[in-house]
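First comes the structure, then the notes that go with it.
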Amino acid sequence: MKTVIIKAQRRVEIVDEDVPKPKGDFAVVKVRTAPMCTEFYRYRDGTESLCLGHEAAGEVVEVARPGRVRAGDRVVVMPQFPCGACELCRQGDYIHCEHVVDPYKVCGGTTGKATYSQYTLKQDWLLLPIPDAMTYDQASMACCGLGASFGAVRTLGIGASDTVLVTGLGPVGLGAVINCRSRGARVIGLARNRWRAKLAMELGVEAVLDPDDEGCLSRLKALTGGRGVDQAVECSGGARYQLLCIHGTRRKGAVAFVGESKELTVRVSDDLIRNGLTLYGSWHWNLKDAPLMMETIAANASAIAKLVTHTFPLADAEEAFKLQMGGECGKVLLHPWA
Ligand SMILES: [Zn+2]
Ligand SMILES: [Zn+2]
Numbered sequence: 011m012k013t014v015i016i017k018a019q020r021r022v023e024i025v026d027e028d029v030p031k032p033k034g035d036f037a038v039v040k041v042r043t044a045p046m047c048t049e050f051y052r053y054r055d056g057t058e059s060l061c062l063g064h065e066a067a068g069e070v071v072e073v074a075r076p077g078r079v080r081a082g083d084r085v086v087v088m089p090q091f092p093c094g095a096c097e098l099c100r101q102g103d104y105i106h107c108e109h110v111v112d113p114y115k116v117c118g119g120t121t122g123k124a125t126y127s128q129y130t131l132k133q134d135w136l137l138l139p140i141p142d143a144m145t146y147d148q149a150s151m152a153c154c155g156l157g158a159s160f161g162a163v164r165t166l167g168i169g170a171s172d173t174v175l176v177t178g179l180g181p182v183g184l185g186a187v188i189n190c191r192s193r194g195a196r197v198i199g200l201a202r203n204r205w206r207a208k209l210a211m212e213l214g215v216e217a218v219l220d221p222d223d224e225g226c227l228s229r230l231k232a233l234t235g236g237r238g239v240d241q242a243v244e245c246s247g248g249a250r251y252q253l254l255c256i257h258g259t260r261r262k263g264a265v266a267f268v269g270e271s272k273e274l275t276v277r278v279s280d281d282l283i284r285n286g287l288t289l290y291g292s293w294h295w296n297l298k299d300a301p302l303m304m305e306t307i308a309a310n311a312s313a314i315a316k317l318v319t320h321t322f323p324l325a326d327a328e329e330a331f332k333l334q335m336g337g338e339c340g341k342v343l344l345h346p347w348a
């Protein structure tokens, strides 16, 4: 099978690897769509990577034990390799599992962790059925396209009476826009990238503010009658954006942090206690919401068609990385069998 690896800075190779064999609760999935996420940083920085990608949709081709899935099933491949046995896994919050397993230890091989590949391994309980009318590309949005912010909008309880600030309008932030608009909310964006700001407007964002604009916070307040937004979904990981979420959200409002980041200085009294502000860390979504996730994807096909700006065959992964580095794209997909 063909797999994409990074050997050195800005050097992509397509290598031939053995097709993985399933064991235990693992199944082998023929990858039809592999959405690209943050892997391009590895290409940019030259981080040697023999295993790329954590998002996929495809077709089950082999199982070790009959049961949850069988060959021919069309499925979304959820990220991570959680244990399936701990309290968090059993509650559907598998993404926070502290006991991840190594599929190579379970299955005995040395391939199948990557999704930038023609086949991948996944536990059968993390393979979600794709409705007949849905394409692989659409269904794959359950991973980081719409999935990364789906738990956040659920937790925040965003609805039609809310005005939401979405900061960072990369593929995750644009997905957050779709999730918020889908729930009827009014959305204001914050981003530097003008190309993506334009795409966000096409997805129904009312205005996109520029974080480099000194009057950004007062503009946000002016757009919300001086009050601030009801909720904010932070998707950039940048401190300036994070603070604008905290300072631009109304009293008793809530902020969900979706973008990965390091330190942030928050004034506990002035920013949190006096404002009655609630902060959440949100990583993906609870498995019990799978039917709702699929319904949201089905109901937003035209927005998803705008979010997915480019698709590439596996052989052109390098071109795709370069496109992502330039930032003039939404969600980018690889097709390993194209
Ligand atoms: Zn677990
Ligand atoms: Zn991802």
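In this text, residue positions in the sequence shown follow the numbering used here: the first is 11, and each later residue adds one.
Ideal Cβ positions, reconstructed from N, Cα and C, are used throughout, including at glycine.
Margin query: Could you tell me which whole beta strand (DSSP E) segments of length 3 or greater appear in the stretch 260–329?
Written below: 288–291 and 318–323
With distances taken Cα to Cα, identify the nearest neighbour of Pro139 among Ala149, Val85 and Pro89. Stepping through the sequence shown from its first residue, residue 139 is reached at position 129. It is Val85.
The beta strand (DSSP E) enclosing Gly364, as first and last residue numbers:
Residue 364 is absent from the model: the chain starts at 11 and stops at 348.
- Task: Please list the segments of the alpha helix (DSSP H) lying wholly inside the stretch 41–126, counting only runs of 4 or more residues, in order along the chain.
- Result: 50–55, 97–100 and 113–117
Below 7 Å CB to CB, which residues in the same chain sit around Val70 once its five sequence neighbours on both sides are set aside? Within the sequence shown, residue 70 is the residue found at index 60, counting from 1. Answer for Val70: Ala37, Val39, Val79, Arg80, Ala81, Gly82, Asp83, Val85 and Leu137, listed in chain order.
Spatial distance of Gly155 from Arg191 (CA atoms)
Counting from one through the sequence shown, the residue named residue 155 turns up at place 145. Counting from one through the sequence shown, the residue named residue 191 turns up at place 181. Going from the Cα of Gly155 to the Cα of Arg191 covers about 15 Å.
Assigned exposure category for Leu302 - 16 Cβ within 10 Å defines buried: Start at 1 with the first residue of the sequence shown, and residue 302 comes out as number 292. Label assigned to Leu302: exposed.
Same chain, Cβ closer than 6 Å to Asp281, neighbours up to 5 away in sequence not counted
Taking the sequence shown and counting its residues from 1, one reaches residue 281 at position 271. So the list reads Ile256, once near-sequence residues are dropped.
Enclosing alpha helix (DSSP H) for Leu227 [first to last residue]
If you number the sequence shown from 1, residue 227 lands on position 217. First-last of the alpha helix (DSSP H) with Leu227: Cys226 to Leu233.
- Check whether the Cβ atoms of Val268 and Ser159 lie closer than 8 Å to each other. The sequence position of residue 268 within the sequence shown is 258, counting from 1. The sequence position of residue 159 within the sequence shown is 149, counting from 1. A contact, by the Cβ cut-off of 8 Å.
_On the DSSP letters alone, give me the boundaries of the beta strand (DSSP E) that Glu212 sits inside._
As a working mapping, residue 212 is identified with position 202 in the sequence shown. Not the beta strand (DSSP E): Glu212 falls in the alpha helix (DSSP H), residues Arg204 to Glu212.
Is it the case that the CB of Leu297 approaches a heavy atom of ligand 1 more closely than 7 Å? Locating residue 297 in the sequence shown gives position 287, where the first residue counts as 1. No, Cβ of Leu297 sits at least 7 Å from all heavy atoms of ligand 1.
### Where Leu131 falls: helix, strand or coil (DSSP)
Numbered from its first residue, the sequence shown carries residue 131 at position 121. Leu131 falls in the strand class under three-state DSSP.
| task | Report the three-state DSSP secondary structure of Asp147 (helix, strand or coil). | result | To locate residue 147, count along the sequence shown from 1; it is residue 137. In this structure, Asp147 counts as helix in the three-state DSSP scheme.
Practice item. List the endpoints of the continuous alpha helix (DSSP H) containing Gln252. Key: For the purposes of this step, residue 252 is identified with residue 242 of the sequence shown, where counting begins at 1. Gln252 -> alpha helix (DSSP H) spans Ala249 to Gly258.
ask   = Run through DSSP, which three-state label would Gly199 get?
value = Taking the sequence shown and counting its residues from 1, the one referred to as residue 199 is at position 189. Correct three-state label for Gly199: strand.
Inset, instruction - Can you grab the Cα-Cα spacing for the pair Thr121 / Asp222, in whole Å? - result: Walking along the sequence shown from the start, residue 121 turns up at place 111. Walking along the sequence shown from the start, residue 222 turns up at place 212. Rounded to the nearest angstrom, the two C-alpha atoms are 45 Å apart.
- Task: Spell out the partners DSSP gives Val25 in its beta bridges.
- Result: As a position in the sequence shown, residue 25 is number 15, starting the count at 1. DSSP output for Val25 lists Thr13 as bridge partner(s).
Please determine whether the Cβ atom of His64 lies at a distance below 7 Å from any heavy atom of ligand 2. The residue given as residue 64 occupies position 54 in the sequence shown. The answer is yes for His64.
For ligand 2, is there a heavy atom less than 7 Å away from the beta-carbon of Cys47? Along the sequence shown, read from residue 1 onward, the residue named residue 47 stands at position 37. It does: the Cβ of Cys47 is within 7 Å (strictly closer) of some heavy atom of ligand 2.
- [ ] Using DSSP bridges, identify the partner residues of Gln241.
- [x] On the sequence shown, residue 241 is found 231 positions in, with the first residue counted as 1. Gln241 pairs with Val174 and Ala264.
Cys154 beta carbon near ligand 2 (any heavy atom closer than 7 Å) = Position 144 of the sequence shown, counting from 1, holds the residue named residue 154. Yes, ligand 2 has a heavy atom inside 7 Å of this Cβ.
Below 7 Å from a heavy atom of ligand 1 - residues by beta-carbon: Pro92, Cys93, Gly94, Ala95, Cys96, Leu98, Cys99, Tyr104, Cys107, Glu108 and His109
Exercise. Note down the Cα distance separating Val243 from Ala195, rounded to an integer number of angstroms.
Key: Counting from 1 along the sequence shown, the entry for residue 243 is found at position 233. Counting from 1 along the sequence shown, the entry for residue 195 is found at position 185. Val243 and Ala195: Cα-Cα distance of roughly 12 Å.
(Q) Can you list, in chain order, the residues of its chain with a C-beta nearer than 7 Å to that of Gln334? Leave out the 5 residues immediately preceding and following it. (A) Here residue 334 corresponds to residue number 324 of the sequence shown, with the count starting at 1. These residues qualify, in order along the chain: Met46, Phe50 and Val342.
Review point. What are the boundary residues of the alpha helix (DSSP H) that Pro181 is part of?
Key: Taking the first residue of the sequence shown as 1, we reach residue 181 at position 171. Per DSSP, Pro181 belongs to the alpha helix (DSSP H) from Pro181 to Ser192.
Thinking C-beta only, is Gly225 closer than 8 Å to Arg260?
The residue you call residue 260 lines up with position 250 of the sequence shown. The residue you call residue 225 lines up with position 215 of the sequence shown. No.
*Could you tell me which of Arg206, Val111 and His109 sits nearest to Glu338, measuring between CA atoms?*
As a first step, residue 338 must be located in the sequence shown, where it is residue number 328. Comparing Cα-Cα distances from Glu338 to each of Arg206, Val111 and His109, the minimum goes to Arg206.
Q) What are the residues that DSSP puts in a beta bridge with Phe36? A) Locating residue 36 in the sequence shown gives position 26, where the first residue counts as 1. DSSP lists Gln133 as partners of Phe36.
Measuring alpha carbon to alpha carbon, tell me which residue in Glu23, Lys17, Val22 and Ala44 is nearest Phe322. Mapped onto the sequence shown, residue 322 falls at position 312. Checking every option, the nearest Cα to that of Phe322 belongs to Ala44.
### Task
Please name the residue in Ala309, Glu97, Leu131 and Arg100 whose C-alpha comes closest to that of Pro113.
Numbered from 1 along the sequence shown, position 103 holds the residue referred to as residue 113. For the residues Ala309, Glu97, Leu131 and Arg100, the minimum Cα distance to Pro113 belongs to Leu131.
Under the DSSP definition of a beta bridge, which residues are partnered with Lys341?
Residue numbering aside, residue 341 sits at position 331 when the sequence shown is read from its first letter. Lys341 pairs with Val318.
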